[in-house]
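A.B. asks: Take a look at the following structure, please.
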Amino acid sequence: MATAEDIRERLPIGSGTIGGLLVAVSLVFLLTPLFVQPPGWTLTFFEDIILFLLFGFLVVGLNLQFGHTGLVNFGHVAFFAVGGYTAAMLTANDPLVGVGLGFPWPVGLIGAVVAAAALGALIGASTLRLRGDFLAIVTLAIAEILHDLLGSFQGITGGDVSLQNVPRPIADLAGTAGASAMLTTVLFAGLLLVTYAVFHRLSESPYGRVLRAIRADERVTQTLGKNVFGYKFWAFVYGAAIAGVAGALYAFNLGSVSPGFFTISVTVTVWVGMLVGGPGNDWAAIIGVGIIVGFRLATRFLNEQVPAISADQFASVRLMLVGLLLILIIRYRPQGLWGDAGKLGVDQ
Amino acid sequence: MALPFVQELIFGVVTGSYIAIGAIGFTMVYGLVNMINFAHGEYMTVGAYLGFVAAESLGLPVTLALVPVMLVSGFAGWALAWLVFEPLSDTGPIPLLLTSIGLGLVLRNGIRLVASPEKRYVDLNATTFRFDDLGFFVTGQHLLLFAVTAVAVVGVHLFLTRTTMGKAMRAMSDNEALAKVTGIRTRRMRAIVWILASAFAGLAGYMLAIGQGATPHTGFSQLLLVITAAILGGAGSVYGAVVGAYVLGITVSLAIALLPSWASELGTTMAFVVLVLVLLVRPGGITGEEVSA
Numbered sequence: 001m002a003t004a005e006d007i008r009e010r011l012p013i014g015s016g017t018i019g020g021l022l023v024a025v026s027l028v029f030l031l032t033p034l035f036v037q038p039p040g041w042t043l044t045f046f047e048d049i050i051l052f053l054l055f056g057f058l059v060v061g062l063n064l065q066f067g068h069t070g071l072v073n074f075g076h077v078a079f080f081a082v083g084g085y086t087a088a089m090l091t092a093n094d095p096l097v098g099v100g101l102g103f104p105w106p107v108g109l110i111g112a113v114v115a116a117a118a119l120g121a122l123i124g125a126s127t128l129r130l131r132g133d134f135l136a137i138v139t140l141a142i143a144e145i146l147h148d149l150l151g152s153f154q155g156i157t158g159g160d161v162s163l164q165n166v167p168r169p170i171a172d173l174a175g176t177a178g179a180s181a182m183l184t185t186v187l188f189a190g191l192l193l194v195t196y197a198v199f200h201r202l203s204e205s206p207y208g209r210v211l212r213a214i215r216a217d218e219r220v221t222q223t224l225g226k227n228v229f230g231y232k233f234w235a236f237v238y239g240a241a242i243a244g245v246a247g248a249l250y251a252f253n254l255g256s257v258s259p260g261f262f263t264i265s266v267t268v269t270v271w272v273g274m275l276v277g278g279p280g281n282d283w284a285a286i287i288g289v290g291i292i293v294g295f296r297l298a299t300r301f302l303n304e305q306v307p308a309i310s311a312d313q314f315a316s317v318r319l320m321l322v323g324l325l326l327i328l329i330i331r332y333r334p335q336g337l338w339g340d341a342g343k344l345g346v347d348q
Numbered sequence: 001m002a003l004p005f006v007q008e009l010i011f012g013v014v015t016g017s018y019i020a021i022g023a024i025g026f027t028m029v030y031g032l033v034n035m036i037n038f039a040h041g042e043y044m045t046v047g048a049y050l051g052f053v054a055a056e057s058l059g060l061p062v063t064l065a066l067v068p069v070m071l072v073s074g075f076a077g078w079a080l081a082w083l084v085f086e087p088l089s090d091t092g093p094i095p096l097l098l099t100s101i102g103l104g105l106v107l108r109n110g111i112r113l114v115a116s117p118e119k120r121y122v123d124l125n126a127t128t129f130r131f132d133d134l135g136f137f138v139t140g141q142h143l144l145l146f147a148v149t150a151v152a153v154v155g156v157h158l159f160l161t162r163t164t165m166g167k168a169m170r171a172m173s174d175n176e177a178l179a180k181v182t183g184i185r186t187r188r189m190r191a192i193v194w195i196l197a198s199a200f201a202g203l204a205g206y207m208l209a210i211g212q213g214a215t216p217h218t219g220f221s222q223l224l225l226v227i228t229a230a231i232l233g234g235a236g237s238v239y240g241a242v243v244g245a246y247v248l249g250i251t252v253s254l255a256i257a258l259l260p261s262w263a264s265e266l267g268t269t270m271a272f273v274v275l276v277l278v279l280l281v282r283p284g285g286i287t288g289e290e291v292s293a
């Protein structure tokens, strides 16, 4: 079977180059008088793609943590939320409720990365020495704490009212909503490809081999003289930082942030996507997330066709299927659809 | 004269009791099957809804319905474990943990699909004992809960210390390989642990349905508290989990009382703060279990 990986390998130019070109194209359209107006029906389509691309950033980071290094981060949404809220609070102009410092957006982006990485460093430094599954509990608990705090401190975060008036640099430059959605899609796709290229390079390098060695057996790796804790720590921080970037992109795309979006379902979507695609294979993990997000959209579309069944019931059925998929994939195909069983050490 | 904090302490002990019953099962599974069962919360929800069936549809008296609720929860939990977890018993803790998240999703949303989202109660029809002079009250639900928890804890203690099976269970929790060569049938022990743990989870859910009412999300919202109690007590230690549950319940209850009103929703958040602090300061919990990588 020709996997996505094979097809990608056969391309004459690297994904980093393609990504750079896409970024350049979107910037040309944004910064020069060149103008496109996509047809109106594409708007929701592009909005869904943007969501998928944001999840793509999350899964690349998570895959470095779990797929390559074996760290079970079950609170990935926390870093995403910290990134989003840091970016929003640094840049929002006089929001109705909550803090808005009104800095230009690059400050927000840098702040988001720093804040998410700092949270990652804090959790990593304290928990990575413990049994592997304790990290899952701590990260899950941190995500819950953060979600509660974001909802409760209305004076700072805007609470359930949401923090608004966050600058939308792309929407401002693009003019119309349709053009904005399309150019955001192109720009984010480009950025995701560049990120993918960087992380892929990282995991293919000797550095990545050490990470996989840690995943396979920590003690042996330690015996070889590698600083296991240091490797785990930095892999965790890098993954957190990229989730922070995704959070900032989310905030600047939407122009507001609210706790309702940063729930455990983000974590579950990213995890199931990665496990379905293939942990340890960045490309497969991104496609896996695409499958799950696409599945979500397909059921939403189906629901509109069958109005007799309530949206809530549909959501229940969808989540049941996602759970069932998770159980089945771990049991029967633990390497995911395109993962390498030998590399992951799951071949029986 | 109203005694300060007595009411909060009572609420704390009530919360602690729910968590304790839930945490007993969780920590047993952790100790013996060596997995963190993220579906444990849903096992509790199942117990709550079995309670609605037993007490309302079948018309059993509330206290008598305990027996069928525990029996059915126990065997349902064991059947699920046999179907879902047992085939993975050689793969280590992480695949088991991920599978339990999947199972939790299936169960939670399955219940959501068949049950209405409104909160439902099992009506105990109990009186409230007021001590207005001293400034506190105790409800019949509270008293039933205390009694059930006491019986459960003593029962588990006697089981673990006085029966061959309980001793075998402790031996296996300590060192599975050694237990196996001593002739303990580890597969059967795992099955028994699943039955016991699920029965206690069902009991916890049923008590929640009596005391606070239950929704399809009840178990999941209690899950982190249960995990926190189990870790606070030293993961795998049943006694530790019970102590941890009460420490946690009282912490949450006092936090709610002492925090300003806008932050009162953060009472449960305090529990997670406790969890993170315990893991940072003393990850082995009260009993100091071995947890380093």
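In the order they appear, the protein sequences are chains W and Z.
1 is the number of the first residue of the first sequence in the numbering used here; add one for each residue after it.
1 is the number of the first residue of the second sequence in the numbering used here; add one for each residue after it.
By construction, the Cβ of each residue, glycine as well, lies at the ideal position given by its N, Cα and C atoms.
What you are looking at is a predicted structure, and each value in this text was computed from that prediction instead of being measured.
When you compare only the Cα positions, how much space is there between W:Gly247 and Z:Ala171?
C.D. replies: If I take the Cα positions, the gap works out to 48 angstroms.
A.B. asks: In the DSSP assignment, what are the bridge partners of Z:Arg120?
C.D. replies: Answer is Z:Ala214.
A.B. asks: Kindly indicate the opening and closing residues of the beta strand (DSSP E) around Z:Val138.
C.D. replies: Here the beta strand (DSSP E) through Z:Val138 covers Phe136 to Thr139.
A.B. asks: Is the Cβ of Z:Phe5 closer than 9 angstroms to any Cβ of chain W?
C.D. replies: No, Z:Phe5 lies away from the interface with chain W (no Cβ there is under 9 angstroms from its Cβ).
A.B. asks: Name the two residues that bound the continuous alpha helix (DSSP H) containing W:Thr44.
C.D. replies: From DSSP, the alpha helix (DSSP H) with W:Thr44 extends over Thr42 to Leu62.
A.B. asks: Applying the criterion that 16 or more other CB atoms from any shown protein chain within 10 Å of the CB defines a buried residue, is W:Met1 buried or exposed?
C.D. replies: With a pLDDT of only 44 at W:Met1, under 50, the local geometry of the prediction cannot be trusted, and the value read off the model is given with reservation. When all chains shown are included, W:Met1 counts as exposed.
A.B. asks: Name the residues in the region 318-333 of chain W whose C-beta lies less than 9 angstroms from a C-beta of chain Z; which are they?
C.D. replies: Hits within the stretch, in order: Arg318, Leu319, Met320, Leu321, Val322, Gly323, Leu324, Leu325, Leu326, Ile327, Leu328, Ile329, Ile330 and Arg331.
A.B. asks: Check whether chain Z comes within 9 angstroms of W:Gly100, counting only Cβ atoms and requiring the distance to be less than that.
C.D. replies: So no, W:Gly100 is outside the interface.
A.B. asks: Considering only the beta carbon of each residue, do Z:Arg112 and W:Ser316 sit closer than 9 angstroms?
C.D. replies: Yes. Within cutoff.
A.B. asks: Looking only at its chain, what residues have a beta carbon closer than 6 angstroms to the beta carbon of Z:Val13, apart from the 5 residues adjacent to it on each side?
C.D. replies: There are no such residues.
A.B. asks: Going by Cα to Cα distance, which pick from Z:Ala235, Z:Thr251, Z:Gly211 and Z:Thr164 is closest to Z:Val274?
C.D. replies: Among Z:Ala235, Z:Thr251, Z:Gly211 and Z:Thr164, the Cα nearest to that of Z:Val274 belongs to Z:Thr251.
A.B. asks: Using CA coordinates, which residue listed in W:Asp340, W:Glu304, W:Leu211 and W:Ile327 is at the minimum distance from W:His68?
C.D. replies: Selected option, being the one with the closest Cα: W:Leu211.
A.B. asks: Spell out the partners DSSP gives W:Leu163 in its beta bridges.
C.D. replies: DSSP, once it has assigned bridges, lists W:Val257 as partnering W:Leu163.
A.B. asks: Taking 9 angstroms as the threshold (beta carbon to beta carbon), is W:Asp133 in contact with chain Z?
C.D. replies: So yes, W:Asp133 belongs to the interface.
A.B. asks: Considering only DSSP beta bridges, list what Z:Thr128 is partnered with.
C.D. replies: DSSP output for Z:Thr128 lists Z:Thr139 as bridge partner(s).
A.B. asks: According to DSSP, is Z:Val226 helix, strand or coil?
C.D. replies: Of the three classes helix, strand and coil, the one that applies to Z:Val226 here is helix, per DSSP.
A.B. asks: Please look up how many angstroms separate the CB atoms of W:Val166 and W:Val257, rounded, as I've assumed it's under 8 angstroms.
C.D. replies: Going by Cβ atoms, the distance from W:Val166 to W:Val257 rounds to 7 angstroms, so yes, they are a contact pair.
A.B. asks: Since W:Gly178 contacts W:Pro38 with CB under 8 angstroms, what's their CB separation in whole angstroms?
C.D. replies: That belief holds up - the Cβ atoms of W:Gly178 and W:Pro38 are roughly 5 angstroms apart, short of 8 angstroms.
A.B. asks: Flag Z:Gly249 as yes if its beta-carbon sits less than 9 angstroms from any beta-carbon of chain W, otherwise no.
C.D. replies: False, the Cβ-Cβ gap to chain W never drops below 9 angstroms.
A.B. asks: I need the boundaries of the alpha helix (DSSP H) containing W:Ser203, first residue and last residue.
C.D. replies: Element bounds for W:Ser203: Ala177 to Glu204.
A.B. asks: Since Z:Gly233 and Z:Val243 should fall inside the 8 angstroms C-beta cutoff, what is the C-beta to C-beta distance between them, to a whole number of angstroms?
C.D. replies: Their Cβ separation, rounded to whole angstroms, is 5 angstroms, which keeps Z:Gly233 and Z:Val243 in contact under 8 angstroms.
A.B. asks: Alpha carbon to alpha carbon, how far is W:His147 from W:Ala78?
C.D. replies: One C-alpha to the other measures close to 8 angstroms.
A.B. asks: Evaluate the contact criterion for the region 53-67 of chain W versus the region 199-208 of chain W: three or more CB pairs, one atom per stretch, below 8 angstroms.
C.D. replies: Yes, since at least three Cβ pairs between the region 53-67 of chain W and the region 199-208 of chain W fall closer than 8 angstroms, the two stretches touch.
A.B. asks: Less than 9 angstroms between the beta carbons of Z:Ser17 and Z:Ala199, yes or no?
C.D. replies: For Z:Ser17 and Z:Ala199, no; Cβs fall outside 9 angstroms.
A.B. asks: Spell out whether any CB of chain W is found under 9 angstroms from the CB atom of Z:Gly110.
C.D. replies: Judged by the 9 angstroms Cβ criterion, Z:Gly110 is in contact with chain W.
A.B. asks: Counting along the chain, where does the alpha helix (DSSP H) carrying Z:Ser261 start and finish?
C.D. replies: No alpha helix (DSSP H) contains Z:Ser261, which DSSP labels as neither H nor E.
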